[in-house]
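Using the numbering used here, the first residue of the sequence shown is number 7, and each one after it goes up by one. Yeah, the Cβ is synthetic: ideal placement off N, Cα and C, and Gly gets one too. The structure displayed is predicted, hence computed values, not measured ones.
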Amino acid sequence: MDSALTVAFDPAAPADERADANAQLQKATMPNALSDLLPRADIQPIIDHIRADLEEQAITKALSRQNVIPFPSKAVKARKPGMQSVFLDDIQINVRGEWYERPGVFSFDAMRAMVEQTPILNAVVMTRIRQVQRFCRVQSVEKPGFQIRLKDKDKHPNAEEKKQIEALQGFFLNCGWESNPRQRLRLKRDNFSNFMAKLVRDSLTMDSMPIETEFKRDRSLGIDGIYAVDGATIRLCSEEGYDGDDEIFALQVVQGNIRAAYTYDDLIYIPRNPRSDVLVGGYGLAETELLIRVVTGFLNAFTYNTKYFDSNAIPKGLLHLTGNYGEQDLAAFKRFWNAMVKGINNAWALPVLVSKDQESKAAFEKFGVDVNEMMFSKWMSFLTSLICAIYSISPDEINFESFSDGKSSLSGSDTDEKLANSKDKGLLPLLAYYDNLFSDYIVSDFGDKFEFEWTGIEVDDQKQKFEEVKLCNTVNELRASRGEKSIKEPWGDAPLNPSLIAAWQAAQQQSQEDYGITPASGDDDAGSDFGSPNDDDDRTDADSAAEGADQLGKSFGLPLLTIEP
């Protein structure tokens, strides 16, 4: 039987049979799919290359579109990590070459002059400075202060950590490692009290409170000292930095001249009232900015009141003389009268009118409106209350009457509560700001396990907590909470709560009986002693009491005073 192959190529076969045979051969040899023509393993690299090229073209096309943000930040342009949104609008803000000024017509110098010329603002700032200065010492029992403590509140520092804590506390007291006062003066370093006074004044006046950090020659050894810098001289740089160095973020500009350049390691500039406004770009919001109209009204009333007494030439009335007087008599009378009644700077000068008879009269008309209580007392109290409200301070703290219809709050019984509430709203947030600032930017430079903390802020709460501890703790538990060694004598486990002493003594006596220890007959007070019985007959009750007092004094770390017979 002839096959399709032989028939297709046999010239003697009929033409139609050869055509059918060729068709069968083509069908038998044709691939069923594209993979039969080119194996997938051979073309996979080509397919991957084409796919990657298409994805890259799609990304390029997306990036070539107009950016959603009209002025992208430097991080977007340079493809660097960090804030991708606009931090500072360089297009709209007034950029002076290497730095940009704080927007607004109220400059730092104007804010400082405003505080210096307004007594109420000075009273508020000085009050806060004195309150903060009370904390500028190492903590003591139930007194304001500060401390360096472990971040883990449940952990007690060991001997090495206690040395580090003492060293860091000394660093803050001296604003550096130099403890000699005269050498600190040479270095222009303040003590902690003066350092905080400068910071608080600049912060409450301008919300510009820069701190210069001086590192040791070997920067790996950390900070050597800290300095309070004039907040009115600091100007922030744009994202490009200064002179092409984006690490320099701030400059010190004095009288228009650049005097110093600061990197992020050289200067701490954290506003107390930060804003996200792109026209501000890092400057804070000072309370004085919010008080421009209030202070203007206060100064106007204050000036008007002052001028009313020392520069007022408006007469209070008119003197009417009746009779036939000559010119010389009238001139002499006027001289005598003015010499007796005319005030300072010709104030209260009295005009004299002469008439020939009683029928010639002169009617007196007031030249102005009398200054009433609202113009002075209530108006000034109202403006003062607004100033105190912005600064979150009670008018009582600056010895001023509150704006109310009642009596002065100083005469009420709830003055203490009002003052405490004022401190909660104003002083505590201010201290918390410095607490976080020192912990994040100064203490952290010496290790990540310590933090800065103000102490003695709430004395009443501390007393209450101690009373709560006394209700349920023993002597050894109290000493352990203070990081002191426990007492080995049995009375170290005695409760601090006096009402539990009897139950504890009964438990001690029962424990002694369980171990076969019985008190001597006739000793009614056996088992009431915190210590073990003493068999020394020569020992007197006074000696036992003295020893007990010594042990109790040692348990609380008190000095022992003895009186020699």
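The beta-carbon separation of Thr211 and Val131, rounded to 7 Å, stays under the 8 Å limit for a contact. The C-alpha of Asp213 lies about 10 Å from the C-alpha of Glu295. Under the three-state reduction of DSSP output, Asn128 falls in the helix class. Ile217 places its beta carbon less than 8 Å from that of Val235. If you ignore the 5 residues before and after Thr390, its C-beta comes within less than 7 Å of the C-beta of Ile126, Pro401, Phe406, all in its own chain and listed in chain order.
CA-to-CA, the gap between Asn482 and Pro163 works out to about 18 Å.
Remark: C-beta atoms of Gly237 and Phe114 approach each other more closely than 8 Å. Judged by pairs of C-beta atoms under 8 Å, the stretch 137-157 does not touch the stretch 225-232, as fewer than three such pairs exist. Tyr248 is not a Cβ neighbour of Ile240, given a cutoff of 8 Å. Listed in chain order, the non-local C-beta contacts of Ser209 below 7 Å within the same chain comprise Met215, Arg278, local neighbours out to five positions each way being set aside.
Around the beta carbon of Cys478, fewer than 16 other beta carbons lie within 10 angstroms, which makes this residue exposed.
In the structure shown, the three-state DSSP call for Arg265 is strand. Residue pairing by DSSP places Ala234 opposite Ile217 in a beta bridge.
Inter-residue distance for Gln63 and Arg57 is about 10 Å (C-alpha atoms, whole angstroms). The residue from Arg281, Leu242, Ile276 with its alpha-carbon nearest to that of Ala267 is Leu242.
Excluding its 5 nearest sequence neighbours in each direction, Ala19 has C-beta neighbours in its own chain below 6 Å: Val13, listed in chain order. Taking Arg281 as the centre and dropping the five residues before and after it, the same chain places the C-beta of Tyr289, Gly290, Leu291 closer than 8 Å to its C-beta, in chain order. Counting along the chain, the unbroken alpha helix (DSSP H) around Trp385 starts and ends at 385-396. At a Cβ-Cβ threshold of 8 Å, Glu457 and Leu257 do not count as neighbours. Under DSSP, Ser361 shares a beta bridge with Thr328. DSSP, reduced to helix, strand and coil, places Lys431 within a helical segment of the structure shown. The straight-line gap separating the alpha-carbon atoms of Arg299 and Lys384 is approximately 17 Å. Selection Ala500, Lys494, Lys455 evaluated against Lys476 yields Ala500 as nearest (Cα-Cα). Distance from the CA atom of Phe339 to the CA atom of Leu297, rounded to whole angstroms, is 52 Å.
Per DSSP, the continuous beta strand (DSSP E) segment holding Leu242 begins and ends at 240-242. The C-beta separation of Asp441 from Glu459 comes to about 6 Å, placing the pair in contact by the 8 Å criterion. About 7 Å separates the Cβ atoms of Gln175 and Gln153, confirming a contact at the 8 Å cut-off. In the three-state scheme derived from DSSP, where H, G and I count as helix and E and B as strand, Ala500 is classed as coil.
Rounded to the nearest whole angstrom, the C-alpha separation of Asn311 and Phe342 is 30 Å. Under DSSP, Lys149 forms a beta bridge with Ser146. In the structure shown, Ala29 falls within a helical segment according to DSSP collapsed to helix, strand and coil. Cβ-Cβ distances below 8 Å link Asp59 to nothing in the same chain once the five nearest sequence neighbours on each side are left out. About 7 Å separates the beta carbon of Ile463 from that of Pro150, a gap short enough to meet the 8 Å contact definition.
Rounded to the nearest whole angstrom, the CA to CA distance from Asp196 to Arg85 is 43 Å. The Cβ-Cβ distance between Leu179 and Val144 falls below 8 Å. In this chain, Thr480 is not harboured by any beta strand (DSSP E), its DSSP state being neither H nor E.
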